[in-house]
Each structure stands twice: as structure tokens, then as C-alpha cells.
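**Q** Residue 151 is where the sequence shown starts when you use the working numbering, and the numbers rise one by one after that. Beta carbons: idealized from backbone N, C-alpha and C, even for Gly. Just so it is clear, the structure is predicted and the values come from calculations on it, not from any experiment.
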Amino acid sequence: MQRNRYDRFSVTLHWLMAVLLLGQIALGMWMLGLPKDASGLRASWFNVHKSWGMVLGLLIALRLAWALWRPRVAALPQPRPMQLLATGAHRLLYLLMLLMPLSGFVGSVFSGYPIRFFGLRLPQLAERWDGAKELASGVHQWSAWALVLLIALHVLAFVHHQVIRKEPLLQRMR
Numbered sequence: 151m152q153r154n155r156y157d158r159f160s161v162t163l164h165w166l167m168a169v170l171l172l173g174q175i176a177l178g179m180w181m182l183g184l185p186k187d188a189s190g191l192r193a194s195w196f197n198v199h200k201s202w203g204m205v206l207g208l209l210i211a212l213r214l215a216w217a218l219w220r221p222r223v224a225a226l227p228q229p230r231p232m233q234l235l236a237t238g239a240h241r242l243l244y245l246l247m248l249l250m251p252l253s254g255f256v257g258s259v260f261s262g263y264p265i266r267f268f269g270l271r272l273p274q275l276a277e278r279w280d281g282a283k284e285l286a287s288g289v290h291q292w293s294a295w296a297l298v299l300l301i302a303l304h305v306l307a308f309v310h311h312q313v314i315r316k317e318p319l320l321q322r323m324r
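1) Can we count Y263 as close to the ligand FMN, meaning its CB is less than 8 Å from some heavy atom?
2) Which class does R213 belong to by DSSP, given the choice of helix, strand or coil?
3) What are the boundary residues of the alpha helix (DSSP H) that A307 is part of?
4) Sort K186, R266, L243 and M232 by Cα distance to A168 and report the nearest one.
5) Taking 8 Å as the threshold, find out whether the segment 249-261 comes into contact with the segment 307-321 through three or more Cβ pairs.
6) Looking at the strands, I want to know which residues DSSP matches up with F267.
7) Are there three or more Cβ pairs, one per stretch, closer than 8 Å when the segment 286-296 is compared with the segment 192-199?
8) Under DSSP, the alpha helix (DSSP H) around R230 begins and ends at which residues?
9) What is the rounded straight-line gap between the Cα of M247 and the Cα of G207?
10) Using C-beta distances below 7 Å, list every residue in its chain close to Q174, excluding the 5 sequence neighbours before and after it, in chain order.
11) Between the alpha carbons of M232 and L226, how many angstroms are there, rounded?
12) Please report the Cβ distance between P239 and L300, rounded to the nearest whole angstrom; I am assuming they are in contact, meaning their Cβ atoms lie under 8 Å.
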């Protein structure tokens, strides 16, 4: 069964994740400029970033499960190539939203530093492994930039459909 509107839970989850993702990306970029010193300022901000990253990882898992479980919302009527691009872009958004917190977590596991979830120290899952940490950190940064670009494309697609084609997208998100 397909519907023409998203349910309230899907809409709330969409906007909650949008705010948290953009906040996490901004925080991640800002905190990289903090000095590595004995004050602990950088480490404390990294712990905040990691905690919210774990929350986002859980939220994207919930969002994926909910998207697979709930009735589908009817696609906008558009040419087949545009529909394929939209489907591909949404799948890539989900992939990047999964990859970013997962790669951040894996990088943290292999960093040799304790992982804290809002102050609660989590069990150490592995020993320090610089190669794995560097690979995961590279994937984490790459996926963040790719996600920024894809979010920009998502916003541009919204403007195109809502403003130029005059399609009632906002009504689907009420």
C-alpha cells in the first residue's frame, strides 16, 4: 500500500536527524582546529562528538528499520531517469548516514583511547591499531564531505520540486 504523505514519526525523525547531522558535521570540522594539549578541551569535545555520533548511528538504524516496515509513500510523478536518480540519491544518503558513524566508531575503537558515551566509559573492544584507525578516519572524513555534498543536492532537489515545478512536497511532510 502506498500513501501520499509521510507519517508523523518519519517526519520527526527526518528533521531530528537533519539537525543532528548538520550539527555533528559543523562540530567535527570545528574541533579539528582545537590544539592537542594537556587542557583536555579537545578530548572533551571529541567525546561529545563521539556520543552524538553513536546516537545518530542508532537513529539511522531505527530510520532504516522504520522505512522498510512502514507503508511506502508514492513517488513523485517524473520521468524514469529522474526517478532512478532520486532513488539512487536516497540510497546513497542512507549509506553515508550509516558509514559515517560506523567509521567514526571503528576509528575510535582502534585509536587506543577510551570511548565514552556521554561520560560513561565503554568497554575496550580492541587494542590500538594505527593502520585501521587511519583508514577508518579517512573513510569518516570522506563520508562527511560526501554527505555534505549530497545534502546540498537534496536541498536543491527540494527547491526544484517545490519552487520550480510547484509540487506540494511540504504537504507530504506534514
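**A** According to the data block:
1) For the structure depicted, the ligand FMN is absent and the ligand set is empty, with no information on it obtainable.
2) As a working mapping, residue 213 is identified with position 63 in the sequence shown. Looking at R213 - three-state DSSP - the assignment turns out to be helix.
3) Counting from 1 along the sequence shown, the entry for residue 307 is found at position 157. Taken as a continuous stretch (DSSP letters only), the alpha helix (DSSP H) holding A307 covers D280 to V309.
4) Taking the first residue of the sequence shown as 1, we reach residue 168 at position 18. The residue with the shortest Cα to Cα distance from A168 is L243.
5) no
6) The residue labelled residue 267 in the question sits at position 117 within the sequence shown. According to DSSP, which records beta bridges pairwise, F267 is partnered with L270.
7) Proximity of the segment 286-296 to the segment 192-199 falls short of the contact definition, fewer than three beta-carbon pairs being nearer than 8 Å.
8) Working through the sequence shown from its first residue, we reach residue 230 at position 80. R230 -> alpha helix (DSSP H) spans R230 to V259.
9) Residue numbering aside, residue 247 sits at position 97 when the sequence shown is read from its first letter. Residue numbering aside, residue 207 sits at position 57 when the sequence shown is read from its first letter. Looking at the two C-alpha atoms, the distance is approximately 8 Å.
10) Position 24 of the sequence shown, counting from 1, holds the residue named residue 174. Cβ neighbours of Q174 beyond the five flanking positions: H199, W202, G203 and L206.
11) Within the sequence shown, the letter at position 82 stands for residue 232. Within the sequence shown, the letter at position 76 stands for residue 226. One C-alpha to the other measures close to 10 Å.
12) Counting from 1 along the sequence shown, the entry for residue 239 is found at position 89. Counting from 1 along the sequence shown, the entry for residue 300 is found at position 150. One detail in the question is off: residue 239 reads as Ala in this sequence, not Pro. Confirmed, about 7 Å.
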